[in-house]
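There are 2 protein chains.
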Amino acid sequence: MSPGVQTRSYGQRARNAKNPAAKTLLDTMERKKTNLAVSVDVTKSEDLLAIIDAVGPYVCLIKTHIDIVEDFDSTLIAKLQNLERKHDFIYFEDRKFADIGNTVALQYSSGVYKIASWSHITNAHVVPGPSIIKGLASIGLPLGRGLLLLAEMSTAGSLATGSYTEAAVELARQNQDFVIGFIAQRRMEGLGAGPEEASDEDFLILTPGIGLESQGDSMGQQYRTPRTAVLESGSDIIIVGRGIYGSDPKAIDAISGKARRYMEEGWKAYVERLV
Amino acid sequence: MSPGVQTRSYGQRARNAKNPAAKTLLDTMERKKTNLAVSVDVTKSEDLLAIIDAVGPYVCLIKTHIDIVEDFDSTLIAKLQNLERKHDFIYFEDRKFADIGNTVALQYSSGVYKIASWSHITNAHVVPGPSIIKGLASIGLPLGRGLLLLAEMSTAGSLATGSYTEAAVELARQNQDFVIGFIAQRRMEGLGAGPEEASDEDFLILTPGIGLESQGDSMGQQYRTPRTAVLESGSDIIIVGRGIYGSDPKAIDAISGKARRYMEEGWKAYVERLV
Chain A
68 MSPGVQTRSY GQRARNAKNP AAKTLLDTME RKKTNLAVSV DVTKSEDLLA IIDAVGPYVC
128 LIKTHIDIVE DFDSTLIAKL QNLERKHDFI YFEDRKFADI GNTVALQYSS GVYKIASWSH
188 ITNAHVVPGP SIIKGLASIG LPLGRGLLLL AEMSTAGSLA TGSYTEAAVE LARQNQDFVI
248 GFIAQRRMEG LGAGPEEASD EDFLILTPGI GLESQGDSMG QQYRTPRTAV LESGSDIIIV
308 GRGIYGSDPK AIDAISGKAR RYMEEGWKAY VERLV
Chain B
68 MSPGVQTRSY GQRARNAKNP AAKTLLDTME RKKTNLAVSV DVTKSEDLLA IIDAVGPYVC
128 LIKTHIDIVE DFDSTLIAKL QNLERKHDFI YFEDRKFADI GNTVALQYSS GVYKIASWSH
188 ITNAHVVPGP SIIKGLASIG LPLGRGLLLL AEMSTAGSLA TGSYTEAAVE LARQNQDFVI
248 GFIAQRRMEG LGAGPEEASD EDFLILTPGI GLESQGDSMG QQYRTPRTAV LESGSDIIIV
308 GRGIYGSDPK AIDAISGKAR RYMEEGWKAY VERLV
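Written as structure tokens, this is what we have:
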């Protein structure tokens, strides 16, 4: 592992970032003192906007699944962008692209959602091989977008392990202008590489499956705490979903309070690891 | 490998099918004498409908990427269903689901596209592990839908090989009520299993990357002929895209002619392998 990535501040890392979306994200984290991303998985526009407005002050990143919103129309994008300006965060559409190059280029740029036009960051599986990165980069690079790769998954029985994870890191290494990091449970710099190759690697590590209490759900999701993820595993950004917005999107005060608490826990762990 | 699956007729296999979507598909293949699926990857509704209408008489299955259609609205689904009734085929939305169980259940049932409501078959990557099948089955099984798993990909440098492919087959084996087969380049029955376990396995093998001439594109896609796929590799359904509809969706006669030619090539190879 490249020594010390996780002991450098987000601000320092922003100055060395090779990709504009990564730089913006790291600058935002430093400025707002938050490494919290909220994953807002609701099916109504009204709830999506209300939750984002409630957690906005506490996050660096909002993770969306735009394709589960039942009443989506093109005006929703403008409303999302208004909240981005109001609260100073960026978007990560969690599309998990997973097709061949030509197809993902169309899925990313076109269709109803036009993801590349508004989402600063998106992500992809590496199972199709290099063509998926080539296809997405053909759309995203000219727009200053960044890509995360799924190097690991937090579900029970995930196949993103071992040589699969190493292949993901190698693809990232070969595409550092566009690939800014990983959805993963631990740091990835230098994985599968010689020490000279990995010396200036700096990947953002975004970790889902975070809860204030460790537990699981009936669909195989497993949870870890912010402290475990950031301090012990070197995660840069913790991703929290229902742990923050629960089951009532109208409970704004409770949602804000939870977001603030996760933000504080995540930041405290980050400050501790800098020492 | 379970001996003889590829020497049984589609009609015989329909009678033993454990899943209603698989049964409908196999019955359709036998009745229309076609093992051709056309993948229609265009961004305008008008072109999508025109191409489907042109190839409809020659296919058992239409493969869609509904999320690349720029002018999608809910009336498009009714128009697609009209063509389904007119030409007697079923739909396969090539969504390549690749997320955790809770998320794929929402992506499959909800959002703008409501894929489960109209697409008889969809597909998923197995990289998240068993939860993805559980999540999709919670929506698809009550509707009589079927799922294909990506056991292999036709792109250069695909990571769906070796133990990954074996894990996909094992997940299919454990979920034969819902998983009807694979996107793959060869037969999968019995892969990684003992002979007794695999004795009554029958998976549909759908093979993309088919062209009348072997060639490739600039994004890493590789092509094989209908004869190679069906006769040598035991593919059940050949998936053809631009090889049929080219670059001019208005050239209806040319598109129909190409579809007929692929249908004939695919069927000839199938009849030959029955002997």
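Which chain is which? The protein sequence lines are A and B, in order. Here my numbering = 1-based position in the first sequence + 67. Here my numbering = 1-based position in the second sequence + 67. The beta carbon of each residue, even a glycine, is placed where N, CA and C say it ideally should be.
By the criterion of a C-beta distance shorter than 6 Å, K100 of chain B is surrounded in its chain by W334, once the five residues flanking it on both sides are discounted.
Collapsing the DSSP output to three states places K100 of chain B in coil. Taking a 10 Å sphere around the C-beta of G261 of chain A, we find fewer than 16 other C-beta atoms and assign the residue as exposed. The residues Y290, R291, T292, V307, G310, in chain order, have a CB closer than 8 Å to that of G278 of chain B in the same chain once the five nearest residues on each side in sequence are set aside. By the Cβ-count criterion, L273 of chain B is buried, with 16 or more other Cβ atoms from all chains shown falling within 10 Å of its own Cβ. Taking a C-beta cut-off of 7 Å against chain A, the contacting residues of the region 220–240 of chain B are M220, T222, A223, G224, S225, L226, A227, Y231, A234, listed in chain order. Contact residues of the region 181–202 of chain A toward chain B are H192, V193, V194, P195, G196, P197, S198, K201, G202 (C-beta to C-beta distance below 7 Å). Distance between S323 of chain B and V122 of chain B, taken at the CA atoms: about 5 Å.
Pairing P275 of chain B with D320 of chain B, the inter-Cα distance amounts to about 24 Å. Interface flag for A260 of chain A against chain B is unset, since no Cβ pair is found closer than 8 Å. Contact annotation: A165 of chain A and H192 of chain A have beta-carbon atoms nearer than 8 Å. Think of a sphere of 7 Å around the beta carbon of D166 of chain A: the chain B residues whose beta carbon falls inside it are K163, in chain order. A straight line joining the alpha-carbon of A227 of chain A with that of A234 of chain B spans about 12 Å.
Fewer than three beta-carbon pairs drawn from the region 72–81 of chain B and the region 110–121 of chain A are found closer than 8 Å, and the two stretches are therefore not classed as touching. Counting along the chain, G248 of chain A sits inside the beta strand (DSSP E) bounded by residues 246–250. Residues of the region 124–139 of chain B with a C-beta atom less than 7 Å from some C-beta of chain A are H132, D134, I135, V136, E137, F139, listed in chain order. Contact between the region 180–195 of chain B and the region 180–190 of chain A is not established, with fewer than three Cβ pairs separated by less than 8 Å. Going by DSSP, V338 of chain B is part of the alpha helix (DSSP H) stretching over 319–341. Each residue's CA atom was taken as its position, placing L271 of chain A and G211 of chain A some 16 Å apart.
A Cβ-Cβ distance of about 6 Å is found for the pair D138 of chain A and K111 of chain A, placing them in contact under the 8 Å criterion. Within the region 96–121 of chain B, the residues whose Cβ lies closer than 8 Å to any Cβ of chain A are, in chain order, D108, T110.
Taken atom to atom, the span from the alpha-carbon of I199 of chain A to that of A239 of chain A is near 12 Å.
The three-state reading of DSSP puts N83 of chain B in helix, counting H, G and I together.
At a cut-off of 8 Å between beta carbons, S177 of chain A contacts chain B. Neighbourhood of Q174 of chain B in chain A, by CB distance below 9 Å: H132, D134, I135, in chain order. Taking CB atoms only, T274 of chain A has no neighbour in chain B less than 8 Å away.
Linking A81 of chain B to E97 of chain B through their CA atoms gives a straight-line distance of about 9 Å.
The Cβ-Cβ distance between L143 of chain A and A104 of chain A does not fall below 8 Å. In chain A, no part has a C-beta under 7 Å from the C-beta of T91 of chain B; the shortest such distance is about 25 Å. Assignment of I272 of chain B by DSSP, reduced to helix, strand and coil, places it in the strand class. Leaving aside the five residues that flank D155 of chain A on each side, none in its chain has a CB nearer than 6 Å to its CB. Of the candidates A:K85, A:R340, A:T222, A:N169, the residue whose Cα lies closest to the Cα of V194 of chain B is A:T222. Around the C-beta of V338 of chain A, fewer than 16 other C-beta atoms lie within 10 Å, and the residue is accordingly described as exposed. Beta-bridge annotation (DSSP): G213 of chain A is paired with A:I188.
Under DSSP, V307 of chain A forms a beta bridge with A:V105. Per DSSP, reduced to three states, the secondary structure at T228 of chain B is coil, with no helix or strand assignment.
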